[in-house]
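Encoded as structure tokens, the structure appears first; notes follow it.
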Amino acid sequence: MNTPITRFAPSPTGFMHIGGVRTALYAWMWARKHGGTFILRIEDTDKEREVPGSIEHIMETLRWLGLEWDYGPDKPGNFGSCIQSQRLDTYRAAAQQLVDKGLAYPDPYSAEEIDGFRRAAQADKRVFLFRDHRPKEFGAWDGTRPLRFKVPEVKRSHWHDAVRGELQAGEEALDDFILMKSDGYPTYNFAHIIDDQHMGITHIMRADEFISSTPKFLSLYEALGITPPVFVTLPPILREDKTKKLGKRDGAKDVLEYRAEGYLPEAMINFLALIGWNPGTPQEIFSREELIAAFDISGIHSHGGVFNEEKLRWFNKQHLSRLSNERFKEIIITPMVSSTTTAYYDTHQASHSTDAFVIDSKHADIWNKLTPIIRERIATAADFSAELNSGEYSYFFAPPKTTQIKTELLPNKSSSLTEALGYLQDARNLLAKADFSSADTLKSALWDYATEKGRGNVLWPLRYALTGKEKSPDPFTVAHIIGKEDTLARIDAALTLGL
RNA sequence: GGCCCUAUCGUCUAGGGGUUAGGACAGCGCCUUUUCAAGGCGUUAACCCGGGUUCGAGUCCCGGUAGGGUCACCA
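This is the structure in structure tokens:
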């Protein structure tokens, strides 16, 4: 096999959804696995549908996911440009060659006339085929009329697909399709074939909606004397209700939204890789490198799959707990302490260096609590501070606004409030002498006492005093993060309110 | 409707003639009396239907059914 050259060729019509990302991912993995080339090509030949800013948005999405391209809009290499609207001369020249060879001709009909043909065919219950109306003599092509391909030979098509195997289609799949539109832009059908050849693409990864137009492509490849690349048809990603392929109009999200929600790119990639491909081993969690090593076209499925966010969350959790300290600092701590400083960090920066924080935060529970904070920060960058001070995790940054202490302190019905406050007082005395350097040292300071009195009896009121929440991380973790001073102050406040 | 593709737990899937049909997510139950986007143990749950080939079919073949795709001067 030649060194693969693959491409991802989106249209700049908005954001990228998971379907597009999955296609890009497979093309990227294949190229990387074999030391090949991955090209990002922008197919902007429909100026009507183009959405400004899409190209940058697409590039940002791919960068976030770590799918670096060797050539693209920003790195044209020797291709001149990887943006189709900047390559119009190439398509015109190729079109003219076909005209010269008698293989293309200007469409002489008006839209109304074609509509008439189509309706007549429909009334007859026949398939509408433009080639049934192919003019006897071809006029000259001046670029103002749509240019159509003259299918040289109408026949049944047979071809090989690396995933689907031997495919075929009948004669009605072949028609005189449009190569160049009257606005001077090529159609997808034409442009992608010209570009793939110019760029030396060896494998085309694309979704299964192109199966039905493959006979047209084959006919054009033949007319142009091009050996077709390897077709790698990817299975569809279906909507949760399975009634439709996932698309932008059906609730498909901008993939960058997942970033804002706290998902790690490695989790997204890992999950997407496994929808439509399987390594044949029980392994589920893959690093980027492991994916590249394990990926193979032979493991791509021919049947569709549903994108299930629950499982994505699980992948995220797995990758979260595998983050290196460096990555954790990079994506969690650094954004947290940079630009928008919080009340917590303003007052505690001195006593808790970020390094110490990272090391002590190796426990997955802390990571898990911090991630949504980051999520909120990204989503509401401007008022991050306000968000945290009033948000669900406010206890990391400010004392609970509890005004009444009563039965919430009680771990179960058998305890009394007086008893609970007694435990809390004892816990306070132990904590006053405790080593706050880690959650573990705090745990050891209290553990024997808590075990003796009943862990819930002691720890539940303590946790509540610190956070004022019915659900929160364990008290040792919280006490460590907020520090000794705040911990004792919050316990005192609770004792005061309770008595 | 024509053409094309697809079919294993609710979901992602393993398994490609002999399997107690395996794993993961979700669910459910119990445990961890620190309730978390934790952890542990256990558990429910699937070969679309009908024919054929075969000693034997989830697996191969045919037909049905269902779902998806496509029939544009969209990609």
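If you're matching positions, the first sequence starts at 52 in this note's numbering and goes up one per residue.
In this text, a Cβ means the ideal position worked out from N, Cα and C, and glycines have one as well.
Just so it is clear, the structure is predicted and the values come from calculations on it, not from any experiment.
Is there contact between the region 120 to 137 and the region 165 to 173, where contact requires at least three CB pairs shorter than 8 Å?
No, the region 120 to 137 does not touch the region 165 to 173.
Residues in the same chain with beta-carbon distance under 8 Å from K494, minus the five sequence neighbours each way, listed in chain order, please.
If we look at K494 and ignore the five residues flanking it on each side, its Cβ neighbours are F527.
Which class does W210 belong to by DSSP, given the choice of helix, strand or coil?
In the structure shown, W210 sits in a strand (DSSP, three-state: E or B).
Between A432 and A311, what straight-line distance do the alpha-carbon atoms span, to the nearest angstrom?
Here the model assigns A432 a pLDDT of 32, short of 50, so the residue's position is not dependable and the matter cannot be decided.
Is there contact between the region 322 to 329 and the region 97 to 115, where contact requires at least three CB pairs shorter than 8 Å?
The answer is no - the region 97 to 115 does not touch the region 322 to 329, with fewer than three Cβ pairs under 8 Å.
Can you list, in chain order, the residues of its chain whose CB lies under 6 Å from that of L551, leaving out five sequence neighbours each side?
Only positions 52 to 550 of the chain appear in this structure, which leaves residue 551 out of reach.
For P237, list the residues DSSP reports as bridge partners.
In DSSP, P237 forms a bridge with M231.
I'd like to know if the region 174 to 190 and the region 225 to 235 are in contact, where contact means that at least 3 CB-CB pairs between them fall below 8 Å.
Counting Cβ pairs under 8 Å, three or more are found: they touch.
When DSSP labels each residue in this structure, what does R364 get in the three-state scheme?
Note: R364 maps to helix in three-state DSSP.
Between the C-alpha atoms of G71 and A171, what's the straight-line distance to the nearest angstrom?
Distance between the alpha carbons of G71 and A171 is about 38 Å.
Measure the C-alpha to C-alpha separation of D175 and S161 and round it to an integer number of angstroms.
Each residue's Cα considered, the two are about 21 Å apart.
Quick check on this structure: which residue in G350, E360 and L497 has the alpha carbon closest to the alpha carbon of R215?
R215 has its Cα closest to that of G350, out of G350, E360 and L497.
Where does Q334 sit, in a helix, a strand or coil, going by DSSP?
Reduced to three states, the DSSP call for Q334 is coil.
Count the C-beta pairs between the region 234 to 251 and the region 265 to 281 that are closer than 8 Å, then say yes if the count reaches three, no if not.
With a cut-off of 8 Å, the region 265 to 281 and the region 234 to 251 count as touching, because enough Cβ pairs lie within range.
DSSP state of Y314, grouped into three classes?
Three-state result, Y314: coil.
To the nearest angstrom, how far is the alpha carbon of F200 from that of P63?
Each residue's alpha carbon lies about 26 Å from the other.
List in chain order: all unbroken alpha helix (DSSP H) runs of 4+ residues lying wholly within the region 53 to 87.
Counting whole runs of 4 or more residues, the region 53 to 87 contains the alpha helix (DSSP H) stretches 69 to 84.
In angstroms with no decimal places, state the Cα-to-Cα distance between P61 and F487.
Looking at the two C-alpha atoms, the distance is approximately 53 Å.
Excluding the 5 residues preceding and the 5 following P237 in the sequence, name in chain order all residues of the same chain whose CB lies nearer than 7 Å to its CB.
Hits under 7 Å: T96, Y142, L230 and M231.
Would you mind listing the alpha helix (DSSP H) stretches within the region 129 to 188 that are 4+ residues and don't spill past its ends, in chain order?
For the region 129 to 188, whole alpha helix (DSSP H) runs of length 4 or above, ordered along the chain, are 139 to 151 and 162 to 174.
Leaving out five residues on either side along the sequence, give the residues of the same chain with a beta carbon under 7 Å from the beta carbon of S353.
Around S353: V214, R215 and P286.
If I follow the unbroken beta strand (DSSP E) through T199, where does it start and stop?
Inspection of the sequence shows that residue 199 is occupied by Arg rather than by Thr. From DSSP, the beta strand (DSSP E) with R199 extends over L198 to F200.
Which residue wins for smallest C-alpha separation from M319, given the options L342, G298, K299 and L297?
The candidate whose alpha carbon is nearest that of M319 is L342.
For P159, which residues from the same chain have a beta carbon less than 8 Å from its beta carbon, with the 5 sequence-adjacent residues on both sides left out?
The residues are P186, G190 and R196.
Within its chain, find whatever has a CB closer than 6 Å to the CB of D411; leave out the 5 residues flanking it on each side and keep chain order.
Because D411 sits at a pLDDT of 31, beneath the cut-off of 50, its placement in the model cannot be relied upon, and the point is left open.
How close, in whole Å, do the beta carbons of L497 and A478 come, if the pair is a contact with beta carbons under 8 Å?
About 6 Å separates the two Cβ atoms, so the contact holds.
Looking at the structure shown, is V205 part of a helix, part of a strand, or coil, going by DSSP?
Looking at V205 - three-state DSSP - the assignment turns out to be coil, as it is neither helix nor strand.
For E558, which beta-bridge partners are listed by DSSP?
Residue coverage of the chain in this structure runs from 52 to 550, which leaves residue 558 outside it and unanswerable.
Which one of E361, F366, A344 and K304 has the shortest CA to CA distance from G43?
Past the boundaries of the shown model lies residue 43; the chain is included only from 52 to 550, so the question cannot be answered.
Is it true that the CB of I262 sits closer than 8 Å to the CB of P280?
No, these two residues do not count as a Cβ contact at 8 Å.
Do A146 and L198 have their CB atoms nearer than 8 Å?
In contact: A146 and L198 (Cβ atoms closer than 8 Å).
Whose C-beta lies closer than 7 Å to the C-beta of H85 among residues of the same chain, with five residues either side of it excluded?
Hits under 7 Å: T54 and P55.
Per DSSP, F282 forms a beta bridge with which residues?
Paired residues: D212 and I255.
Nearest to G194 by CA position, among E99, H211 and L139, is which residue?
Checked all of E99, H211 and L139; the closest Cα to G194 is L139.
By alpha-carbon positions, which one of G505, I533, G507 and K504 ends up nearest to T518?
Selected option, being the one with the closest Cα: I533.
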